[in-house]
Amino acid sequence: MAKARQSLPRTAAAHAILIAYTVIALFPVFVVLINSLKSRRAIFAHPLALPGPGTFDLIGFQTVLNQGDFLLYFWNSLVVTVVSLAFVLLFGAMAAFALSEYRFRGNMLMGLYLALGIMIPIRLGTVAILQMMVAAHLVNTLLALILVYTAQGLPLAVFILSEFMKTVSADLKNAGRIDGLSEYRIFFRLVLPLVRPAMATVAVFSMIPIWNDLWFPLILAPAEATKTITLGAQVFLGQFVTNWNAVLASLSLAILPVLVLYVLFSRQLIRGITAGAVK
Amino acid sequence: MADRKAVRWHIGIFLAPALIVYTAVMIVPLFATLDLSLYTTVDQVRHFAGLANFRRLFGDPIWSEQFWNALGNNTWFFVIHMLVQNPIGVGLAALLSSPRLRFAAVYRTAIFVPTVLSFVIVGFVWKLILSPLWGIAPGLLDMVGLKSLFAPWLGKPGTALTTLALISVWQFVGIPMMLIYAALLSIPDEVLEAAEMDGVTGAAQFWKIKLPLILPSIGIISILTFVGNFNAFDLIYVAQGALAGPDHSTDILGTFLYRTFFGFQLQLGDPNMGAAIATAMFAIILAGVCLYLFGIQTRLRRYQF
C-alpha cells in the first residue's frame, strides 16, 4: 500500500504546529506545579524558573494540609464517583441488554425516551430536584449526589452499551438458553464479560463530569461534611486568594490525582472516543 | 425469540432500575421545573400565576435587561467556540491523522489534558496567569516585545467575556479534535488512494475529499458545543463569582439562573423565577437540538463504506 510520500518540510511544519499547541495546552498546568514548590519570594521574582536549592519551599502544602479538610473532601468525591459509576454501569448495562436483546412493544419508544437525556441537560431540572431532595431529607447527603449523577450518566451509557451489545453473537446466547441458563445468567455470565471494553469506555466518559462537577455539590450538598474535592477546592481558594503558596499548592493537589488517573487510562479513553462515539 | 411465555418478566426487571432512577431524578424534576414556572410564592403559599413569571421576565425592565444581557453574552460565548474551538480542533485532527506521523499518541494525550481538569482548576490557573499581580502574562508578552498589549483582560468589561470564552476553548479543544480525528481515521484508504491516483493530495485532498466526509461529525460537534455552552456555569462562577462581574459583563444563562434561584448578597432566591429561567433555557436548547435534528442532520449526506 504505497502512499504518497510526505515531504520533509510539510512533516516539519506539522510537528512545529503540534508542538506549539502542546506547549499551550500544558504550560498553565506546568507553571502551577513548579511554583507550588517555591517560596513566596521566588514565585513572584522568577515565576518561570524551576524550583532550585535556594527557592524550594513546601510551605504552601503545609498550609493546605493543616487548614483544609482535603482528605475528607477527597474521600467524598471518591465515594460519590465510584458508587454513581457502579450504578450507571450496572443499570445502564441491564437496560441496554433489554433494549438490544428483546423485541417487545414500545422498544423503540423506550430507547428514544432514554436517549432524551443525552441532549437535555439534567441541570435544567435543578429547582425541582432541590425541592424533591428537601422533601426526602436528602439535602447534604452524598446519596443525593449519587442519585443525580446516576440519572445523568444513564442515557449515554444505555446508548453506547446497546450499540455494543448488538454485536454479541446470538448463537452464543442461544447456546446458553439451550443449556438451560436463565436470562439473568445469560446477561451476567455471557454478555457482561464480553462487553467489558465498552463498559470501561463508558466508565471513563461518565467519570470526568461527575468528578469535576461544581453545580450539584454547591446546591445539593454544600455542608462541610459532604463537600466534594471540587467544591472544597473552590471554597478554599476563595478564602486564601492572597496566600499564593497555599493557592498554588491546593491547585497542585487537585490536579495531580486527575492527571495520574488520566495518564493511566488515556489509552482506554481515546480508544473509546475513536471507536464508539462517532457513528 | 418466539413468545414462548405470555409475560416476560425479565425484560421489566432489566429495564426497571434505569427507568426508575432516570424518570424520578431527571424527567419528573425537569417537567416539575417547567410546571413551577407557572406559579408564584407569596408568604410561603403557592399560587397559580399562569404566564405572569414570563411576563415579568420579558416585560419588567429589571428582569428583561438581565435576561437579554445573559442571552447575548451566552450567544457570543457560543460564537467564539464555533469560530475558534472547532476550527482549531479540526486543524489539529487533520495534522494528527497525517500518515506515519511520529509521536501522534503523545500529542493527542497532551492536548487532551486540559479537558480532564475541573473548571475550578482551570478557572483559577488562568486567573493567576492573567493576573497583573503575578506578571506571567505580561512577562511572556515582554519576551516577544508586545508588553504594551497587556491589560487585565479578566477585569475589564469589554474583554472579560471573550477571555473566558477563550479559556473555555483552551479547555475543550480536545473534544472536537478527538471526534474529528476518529472520523478522519475511519475514511477508508481506498478512497484516499483513488484521490491520489487522480492527483488530489495534500491540502486539496483535505478540502475536497476529507472535509465533505467528516461533515456529519462537525454537525455533532456543533450541537454538543451548543448544548454545553447554553448550560455552562462553572467556569464563569469560579472565575468571576455569582455576580459574573465586572458589571454583569460575563453573565450567561447558567449564572443568571443560579443567582435568581439562590439569591445573592441581599436579594432573596426565587425558585419560581428560577424555574421560569430554566424553562427559557429548556426552550432555547430544545429549539437548537430540533433545528439540528430536522434542519441540518437530515441534509448532511452520510457515506457508507
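Those sequence lines, one after another, are chains A and B.
The opening residue of the first sequence carries number 1366 in my numbering; numbering runs sequentially from there.
The opening residue of the second sequence carries number 7 in my numbering; numbering runs sequentially from there.
Note that CB positions come from ideal geometry on N, CA and C, so glycine has one too.
Taken through DSSP and simplified to helix, strand or coil, residue 1406 of chain A comes out as helix.
By the Cβ neighbour-count rule, residue 203 of chain B is exposed, with fewer than 16 other Cβ atoms within 10 Å of its own. Membership of residue 298 of chain B in any alpha helix (DSSP H) is not indicated, and neither H nor E is assigned to it by DSSP. Among the residues facing chain B, residue 1486 of chain A is included, as its CB has a counterpart in that chain under 7 angstroms away. Neighbours of residue 1482 of chain A in chain B, taken as residues at a C-beta separation under 7 angstroms, are given in chain order as 28, 32. Straight-line spacing of the CA atoms in residue 300 of chain B and residue 145 of chain B works out to 50 angstroms. Taking residue 1550 of chain A as the centre and dropping the five residues before and after it, the same chain places the C-beta of 1541 closer than 8 angstroms to its C-beta, in chain order. Comparing alpha-carbon positions, the option among A:1538, A:1374, A:1467, A:1576 lying closest to residue 1619 of chain A turns out to be A:1576. Linking residue 1525 of chain A to residue 97 of chain B through their CA atoms gives a straight-line distance of about 27 angstroms. For residue 90 of chain B, there is no enclosing alpha helix (DSSP H), as DSSP gives it neither H nor E. With a cutoff of 7 angstroms on beta-carbon distance, residue 1600 of chain A and residue 1522 of chain A are scored as not near each other. Secondary structure at residue 1499 of chain A: helix, using DSSP grouped into helix, strand and coil. When beta bridges are read from the DSSP output, residue 114 of chain B appears opposite no residue. Contact annotation: the segment 86-95 of chain B touches the segment 165-183 of chain B, with at least three C-beta pairs closer than 8 angstroms. Residue nearest to residue 1616 of chain A within the set A:1395, A:1492, A:1389, A:1381 is A:1395 (criterion: CA-CA distance). Cβ-Cβ distances below 7 angstroms link residue 1491 of chain A to 1584 in the same chain, with the five nearest sequence neighbours on each side left out; the list follows chain order.
Taking C-alpha positions only, residue 289 of chain B is separated from residue 1612 of chain A by approximately 40 angstroms. Where residue 1394 of chain A is concerned, the enclosing alpha helix (DSSP H) starts and stops at 1373-1400. Chain A places no beta carbon closer than 7 angstroms to that of residue 279 of chain B, leaving this residue out of the contacts. Annotated as distal: residue 1519 of chain A and residue 38 of chain B, with beta-carbon spacing of 7 angstroms or more. Under the rule that a run must span 3 or more residues, no beta strand (DSSP E) segment is found entirely inside the segment 138-197 of chain B. Against chain A, the CB of residue 113 of chain B has a partner CB under 7 angstroms away; the residue lies at that interface. Straight-line measurement puts the Cα of residue 1486 of chain A at about 37 angstroms from the Cα of residue 109 of chain B. Taking C-beta atoms as the reference points, residue 171 of chain B and residue 258 of chain B fail to come closer than 7 angstroms. For residue 105 of chain B and residue 1537 of chain A, the gap between their C-alpha atoms comes out near 39 angstroms. Judged by DSSP in its simplified three-state form, residue 1618 of chain A adopts helix. Taking a Cβ-Cβ threshold of 7 angstroms, the residues of chain B close to residue 1393 of chain A are 131, 132, 135, in chain order. In the structure shown, residue 1623 of chain A adopts helical secondary structure according to DSSP, grouped into three states.
Proximity of chain A to residue 48 of chain B at the Cβ level (cut-off 7 angstroms) is not reached, the minimal Cβ distance being about 17 angstroms.
About 38 angstroms separates the beta carbon of residue 190 of chain B from that of residue 255 of chain B, a gap too long to meet the 8 angstroms contact definition.
Residue pairing by DSSP puts residue 51 of chain B in a beta bridge opposite B:48. Nearest to residue 241 of chain B by C-alpha distance, out of B:166, B:114, B:129, is B:129. In this structure residue 1390 of chain A does not touch residue 143 of chain B by the C-beta definition: roughly 17 angstroms separates them, more than the 8 angstroms allowed.
Secondary structure of residue 273 of chain B (DSSP, three-state): strand. Linking residue 185 of chain B to residue 224 of chain B through their CA atoms gives a straight-line distance of about 9 angstroms. Distance from the CA of residue 1409 of chain A to the CA of residue 1401 of chain A, rounded to the nearest whole angstrom, comes to 12 angstroms.
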